[in-house]
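Everything on this sheet refers to the single structure shown next.
Numbering (the working numbering), first residue to last: 8 to 171.
This is the structure:
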């Protein structure tokens with residue numbers, strides 16, 4: 008029994024539509040729009056949702072004054088170390104740096120936001136101050152060294168002959 012031409016075209020069309028559907032769906036589900044880092048203080052981290060429990064959080068990016076610049080993020084369920092680090096940082100109030108991946112779309116079982124945290128680096132204020140002071144000390148030492156090198160040249164008091 009031969010398949011008629013109409014059936015062959017309709018089956019091919021259905022296969023192409025399904026392939027496109029799964030291709031676009033996979034792109035939106037697994038693809039990432041951007042990656043980056045942000046630093047701040049975790050305001051809250053909580054698991055919420057009626058049907059799908061997802062980990063959601065907020066971070067204050069501004070550490071000056073009373074203004075709050077919020078960064079809302081999600082954490083995937085498999086990232087247990089990231090979740091624990093975020094909980095600890097929220098309780099201690101320490102400043103942290105997070106790495107994130109921005110996805111194209113949100114899905115109810117993944118999280119409420121497009122930003123998914125992949126890594127947490129804990130930085131205490133003292134460490135940040137020490138790093139800044141070390142960089143300032145190094146730059147001032149380099150300036151002093153160049154000034155000393157300039158002073159090692161002999162100074163001539165004879166003003167009649169000058170190299171030009």
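In this text, a Cβ means the ideal position worked out from N, Cα and C, and glycines have one as well.
1) Tell me, which residues are paired with residue 80 by DSSP?
2) Helix, strand or coil for residue 104, going by three-state DSSP, please let me know.
3) Round the Cβ separation of residue 81 and residue 32 to the nearest angstrom and send it over; I've been treating them as touching at under 8 Å.
4) Under DSSP, the alpha helix (DSSP H) around residue 92 begins and ends at which residues?
5) Can you tell me where the alpha helix (DSSP H) holding residue 115 begins and where it ends?
6) Using three-state DSSP, classify residue 130 as helix, strand or coil.
7) In whole angstroms, give me the CA-to-CA distance for residue 24 and residue 18.
8) Return helix, strand or coil for residue 49, following the three-state DSSP convention.
9) Quickly, what does DSSP pair residue 122 with across the bridge? List them, please.
10) Checking the sheet assignment: what are the DSSP bridge partners for residue 54?
11) Quick check on the burial criterion: 16 or more other C-beta atoms within 10 angstroms. Buried or exposed for residue 171?
12) Looking at C-alpha atoms only, which residue of 95, 120, 108, 48 is the closest neighbour of residue 38?
13) Under the rule that 16 or more other beta-carbon atoms within 10 Å means buried, what is residue 116, buried or exposed?
14) Excluding the 5 residues preceding and the 5 following residue 42 in the sequence, name in chain order all residues of the same chain whose CB lies nearer than 6 Å to its CB.
15) Decide if residue 44 is buried, meaning its Cβ has at least 16 other Cβ atoms within 10 Å, or exposed.
If we stick to the structure as given:
1) Taking the chain shown and counting its residues from 1, the one referred to as residue 80 is at position 73. In the DSSP output, where bridge partners are listed per residue, residue 80 has 64.
2) Within the chain shown, numbered from 1, the residue matching residue 104 stands at position 97. In the structure shown, residue 104 adopts extended strand secondary structure according to DSSP, grouped into three states.
3) The count along the chain shown starts at 1 and reaches residue 81 at position 74. The count along the chain shown starts at 1 and reaches residue 32 at position 25. Residue 81 to residue 32, Cβ: 19 Å. No contact.
4) One-based indexing of the chain shown puts residue 92 at position 85. That run of the alpha helix (DSSP H) goes 87-99.
5) Counting from 1 along the chain shown, the entry for residue 115 is found at position 108. That residue, residue 115, is in no alpha helix (DSSP H); it is neither H nor E in DSSP.
6) Position 123 of the chain shown, counting from 1, holds the residue named residue 130. Of the three classes helix, strand and coil, the one that applies to residue 130 here is coil, per DSSP.
7) For the purposes of this step, residue 24 is taken as the residue at position 17 of the chain shown. For the purposes of this step, residue 18 is taken as the residue at position 11 of the chain shown. Rounded to whole angstroms, residue 24 to residue 18 spans 10 Å at the Cα level.
8) Translated into the one-based positions of the chain shown, residue 49 becomes position 42. It is a strand residue.
9) In the chain shown, residue 122 corresponds to position 115, counting from 1. Note: residue 122 is bridge-paired with 109 in the DSSP secondary-structure output.
10) For the purposes of this step, residue 54 is identified with residue 47 of the chain shown, where counting begins at 1. 62, per the DSSP bridge assignment.
11) Taking the first residue of the chain shown as 1, we reach residue 171 at position 164. Low per-residue confidence applies at residue 171: pLDDT is 47, beneath 50, and the placement is therefore not dependable, though the value from the model is reported in the following sentence. Classification of residue 171: exposed, given that the 10 Å Cβ count is below 16.
12) Within the chain shown, numbered from 1, the residue matching residue 38 stands at position 31. With distances taken between Cα atoms, residue 38 lies closest to 108.
13) Indexing the chain shown from 1 puts residue 116 at position 109. Result: exposed.
14) Mapped onto the chain shown, residue 42 falls at position 35. Around residue 42: 108.
15) As a working note, residue 44 is residue 37 in the chain shown. It is exposed - the Cβ of residue 44 has fewer than 16 other Cβ atoms within 10 Å.
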